[in-house]
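Residue numbers for the sequence shown, in the numbering used here: 943 to 1012.
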Amino acid sequence: MAEPLKATFFTFRRRERGVLFGATISVAVLLVALIVAFGVAVWAVMGQDYFAWTRQMAEVSANKSPGTLP
943 MAEPLKATFF
953 TFRRRERGVL
963 FGATISVAVL
973 LVALIVAFGV
983 AVWAVMGQDY
993 FAWTRQMAEV
1003 SANKSPGTLP
């Protein structure tokens, strides 16, 4: 019974600054890689049509007042 509690308290123990910095950098790099992978997948599947559509919707919305549909 004491082992699960020991593991829990080990998890919440204070860490060195270098460990947290390394973990933060790793998560940031992973996040950027996932965003780039998603962008590449969208580009490959939908082609430039998706980005052209997004740009077109942004241009249409720029000329409208807030709250109106395009």
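Beta carbons: idealized from backbone N, C-alpha and C, even for Gly.
As the structure is a computational prediction, the values presented were derived from the model and not from experiment.
Measure from the C-beta of residue i to each C-beta in chain D and report whether the shortest distance is under 8 Å.
{"i": "Ser1007", "result": "The displayed structure is made up of one protein chain only, and chain D is not part of it."}
What's the gap between the Cα of residue i and the Cα of residue j?
{"i": "Lys1006", "j": "Ala1000", "result": "10 Å"}
{"i": "Gly964", "j": "Phe951", "result": "22 Å"}
{"i": "Met988", "j": "Val969", "result": "28 Å"}
{"i": "Thr966", "j": "Ala979", "result": "20 Å"}
{"i": "Ile1044", "j": "Val971", "result": "Examination of residue 1044 is not possible in this model, given that the chain is present from 943 through 1012 alone."}
{"i": "Ser1003", "j": "Val974", "result": "28 Å"}
{"i": "Trp995", "j": "Gly981", "result": "15 Å"}
Using C-beta distances below 8 Å, list every residue in its chain close to residue i, excluding the 5 sequence neighbours before and after it, in chain order.
{"i": "Tyr992", "result": "Val984, Trp985"}
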